[in-house]
Structure formats: C-alpha cells, structure tokens
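Undergrad: For the numbering used here, count along the sequence shown from 1 and bump the result up by 7.
Backbone N, C-alpha and C fix where the C-beta goes; we use that ideal spot for every residue, glycine too.
In this text the structure is predicted, and so the values were computed from the model without any measurement.
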Amino acid sequence: MDITIPSPASLATNPADPVEQSFDVVARQDQAEADIAVLRTDVAEVKARMDKVSRAASRPAIGGSAQASEEVKGFVNGYLRRGRETEVKSINGASPSDGGFAVPKQIDSMIASELAEISPIRALAQVVQTGTSGYRKLVATGGTASGWVSETASRPETDTPNFAEIAPPGGDLYANPAASQAMLDDAAFDLETWLAGEIAIEFARAEGTAFVNGSGTNQPEGFLQAATSTAEDGSRTFGQLQYIGSGDANGFDAAPDAKLIDLIHSLKSGHRQGASFVMNSTTLATVRKLKTADGAFLWQPGMVEGQPNRLLGYPVVEAEDMPDVGSGEFPIAFGNFRHGYLIAEHSATRVLRDPFSNKPFVHFYATKRVGGQVLDSNAIKLLKIEA
C-alpha cells in the first residue's frame with residue numbers, strides 16, 4: 008500500500024484537513040500529559056521536603072541528633088531499666104562512688120523545664136550554670152563617676168569603683184524517687200519523663216524552702232535571712248534589705264493601700280520593671296480582703312486566661328515558704344528578683360541507681376549542687392508587721 012505524505016505547501020493550503028488536525032490534537036495531548044507528569048513529580052518532591060521539615064519540627068526535644076538519641080536510649084534502657092553501667096560509657100559522668108552518672112542533657116533539660124514551672128523563686132530569679140562548685144561574682148556598689156564635657160576639654164579622673172564579691176553558699180540537693188521493677192520492665196512506661204517529673208517535684212519542694220529561708224550552711228541562703236534595715240537605698244550597708252512597717256503590730260492598719268504603695272515606690276523605677284509581689288496563700292487570702300478608704304478592693308484578678316492576678320498593678324507569686332502575717336514577720340516581699348537574687352547551679356544532674364536498699368523497689372538517687380544568695384539588695388523590699 009502506498010502512503011502519500013502531504014507536502015508543507017499542501018498543508019498550508021489545506022489547514023482544515025481532518026487527518027492532520029487529528030494528529031495535531033494527539034500531539035498536543037501527549038505534550039500536555041508530559042507537562043502534567045513533570046509538574047506532578049515536582050509537586051511530589053516539594054511535598055516530600057515539606058513533610059520532612061514538618062516531622063523534624065514536631066519531633067520531641069528528647070530525640071535530638073542520632074548520637075544524642077542513642078545516648079538517651081542507652082542511658083534509659085541500659086542503665087535506668089537494667090542497671091548496665093556499660094551502656095553509659097558515652098555519657099560524661101562520675102563513678103558510682105562519687106554520686107552516680109550525669110544524665111544526658113536532653114533529660115537534664117526536661118528537669119530544668121519542670122523546675123522553672125513549679126519552683127516559684129527559681130521562675131523569678133537569675134539562674135547561672137557553673138562548671139565548678141565555687142561560683143563568685145563581682146557586683147559594683149558605686150564609686151565610678153560620669154559627666155559631660157566639651158569636645159576639647161580635659162577629662163577629670165573618675166572615682167575608684169567599689170565592688171562587693173558574691174559567693175552564693177550552696178549544697179547538694181537530692182531526691183530519691185522509687186519505681187517497681189514491673190514498671191521498669193514495661194516497655195510502654197515513659198521512664199525518662201516520669202523520672203524528670205519526680206526529680207523536679209522533689210527539687211522544687213526543697214528549693215522553695217531554701218531560696219526563702221535557707222540558712223546558708225550546706226544550702227542556699229534565703230533572701231529572708233539577709234540583714235534588714237529601714238534605711239533607704241544608698242545609705243544602707245551592701246547586702247541589707249530595706250523594709251516598710253505595716254502600721255499595725257498584728258497586721259495591717261486602717262490604710263493598707265498606703266503602706267503597700269510605699270513598699271512599691273521604695274523600689275527604684277529601674278527595678279520596678281519586672282517586679283512582683285511574693286507571699287504565701289494564707290497572706291494572699293488576707294490581702295484579697297483589703298480595701299481602700301472608698302471601699303475598692305486592692306486585689307485585681309487576671310481578666311485574661313494565663314494572665315497573673317495583680318495587686319496594685321503588679322503580679323502576685325505564691326511561695327508557700329513565706330511566713331504568715333504575724334508580729335515581727337516579713338510576710339510580703341516586693342521586688343525584681345531577677346536583679347535581686349542569684350541562683351548558681353552545677354550544670355549536671357547525677358543519678359545513681361539503687362536496687363538493693365528497698366527491694367523490690369528500685370530507687371534513683373539524684374543529686375545536683377545548687378547555691379543561692381541575694382545579689383542586689385536594692386532590688387528586693389520587704390513588708391514587716393509592726394506598729
């Protein structure tokens with residue numbers, strides 16, 4: 008059979024040829040399908056990349072890098088569940104005789120996060136991580152002068168600056184949570200989250216007492232242990248806290264708002280930015296009933312969920328270790344605790360597994376060195392119950 012191929016001239020003179028139009032439509036369809044296939048491939052590739060990024064972003068922090076994940080897995084499944092010390096050789100730790108093994112930083116971060124949420128003073132104060140048990144900080148107490156001169160004028164000498172050294176006393180904070188062997192053998196039991204939560208709760212309970220009333224002997228020195236004075240800023244000895252009297256030997260006088268306003272404005276404006284009231288729940292119940300002379304409550308409940316309740320415009324933090332209202336007590340503190348109180352802690356929490364002391368339970372003896380002390384005595388003020 009002979010096939011005649013039309014010439015370009017005949018195509019030009021006969022554009023409506025049905026056969027040629029059919030070939031043209033098919034070619035266009037083939038090209039369109041090829042273009043669509045390329046677009047689908049590109050879209051699939053972009054979607055795969057986005058899914059990968061999304062999975063990485065939503066992955067819990069405990070996972071971390073592959074190496075970190077293996078460290079956590081070895082520490083949890085090897086040492087914590089089964090007591091295999093060989094599983095924690097990659098972890099930077101001490102010998103058991105020195106207090107146990109340093110937990111991986113992912114678990115330590117979980118403990119720190121829990122502590123910040125449930126330890127009231129830690130959530131307010133300045134926290135520094137130290138590599139040694141002894142931490143020291145120099146604080147300027149004045150003496151350096153400043154001023155204005157013309158471009159060509161001589162510069163006068165400044166006074167010699169004065170410094171005070173802060174060395175927060177501290178001690179080893181410990182917790183000793185226990186789990187049954189059946190719990191440890193359960194692969195579905197989230198051991199690392201449970202352990203971090205238990206350690207944080209015990210640490211927070213001990214910290215709450217120490218940061219407020221700690222003696223400074225083998226523990227932090229609480230801010231209520233600092234010396235007190237009625238002298239204003241600039242005329243007190245460094246380290247002394249100023250207090251305002253309540254006007255009544257047994258509580259508050261007839262104008263409690265005036266005393267609290269005096270307390271607020273005894274704090275310099277630079278410290279009032281970020282300042283908070285600190286008191287326990289019993290004192291808070293008393294304060295919530297206080298009224299001004301015209302009958303208005305001093306207490307202002309938070310109007311938005313998550314917003315703190317306020318007293319005269321400043322947030323109120325409950326610290327149960329603060330004393331109750333009583334003669335000679337300091338039931339209310341007001342200040343910028345980030346400027347006024349320093350917490351120095353060793354960066355690593357150590358855990359020692361103890362399956363022998365209380366069979367059939369396995370105890371996890373956790374320790375961490377923590378210190379604390381008043382940093383800037385001008386940044387914290389106290390209300391004293393006195394006439």
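Quick check: what's the CA-CA separation for Ala171 versus Phe341?
TA: 23 Å
Undergrad: Measure the C-alpha to C-alpha separation of Val50 and Asp42 and round it to an integer number of angstroms.
TA: 12 Å
Undergrad: First and last residue of the beta strand (DSSP E) that includes Thr374?
TA: 368-381
Undergrad: Gly302 by DSSP, collapsed to three states: which one?
TA: coil
Undergrad: Under 8 Å by Cβ, that's how I've got Ile350 and Arg143 pegged, so tell me the actual separation to the nearest angstrom.
TA: Going by Cβ atoms, the distance from Ile350 to Arg143 rounds to 14 Å, so no, they are not a contact pair.
Undergrad: Please report the distance separating the alpha-carbon of Ala292 from that of Ser222.
TA: 28 Å
Undergrad: I need the boundaries of the alpha helix (DSSP H) containing Glu124, first residue and last residue.
TA: 112-125
Undergrad: Tell me which residues share the same chain as Gln247 and place their Cβ nearer than 8 Å to its Cβ, disregarding the 5 neighbours each side in the sequence.
TA: Ala233, Ala234, Thr235, Ser236, Ala238, Ser384
Undergrad: Compare the Cα-Cα distances from Ala213 to each of Asp179, Leu198, His346, Glu199 and report the closest residue.
TA: Asp179
Undergrad: Do three or more CB pairs link the segment 314-322 to the segment 361-381 at distances below 8 Å?
TA: no
Undergrad: Would Met57 be called buried (16 or more neighbouring beta carbons within 10 Å of its own) or exposed?
TA: That one is exposed.
Undergrad: Please list, in chain order, all residues of the same chain as Arg345 whose beta carbon is under 7 Å from its beta carbon, the five residues on each side excluded.
TA: Leu131, Ala132, Gln133, Gly281
Undergrad: Pull up the CB-CB distance for Ile206 and Ala373, whole angstroms please, since I reckon it's below 8 Å.
TA: 5 Å
Undergrad: Do three or more CB pairs link the segment 305-317 to the segment 247-262 at distances below 8 Å?
TA: no
Undergrad: Taking all protein chains shown into account, decide if Ala203 is buried (16 or more other Cβ within 10 angstroms of its Cβ) or exposed.
TA: buried
Undergrad: According to the neighbour-count rule (16 or more other Cβ atoms, all chains shown, within 10 Å of its Cβ), is Gln38 buried or exposed?
TA: exposed
Undergrad: In whole angstroms, what is the alpha-carbon distance linking Ile125 and Ala44?
TA: C-alpha separation (whole angstroms): 56 Å.
Undergrad: Contact defined as beta carbons within less than 8 Å: I believe Glu352 pairs with Val377. What is the distance between those atoms, to the nearest angstrom?
TA: 5 Å
Undergrad: May I ask you to report which of helix, strand or coil DSSP gives Leu180?
TA: strand
Undergrad: Please state the DSSP three-state secondary structure of Ser276.
TA: helix
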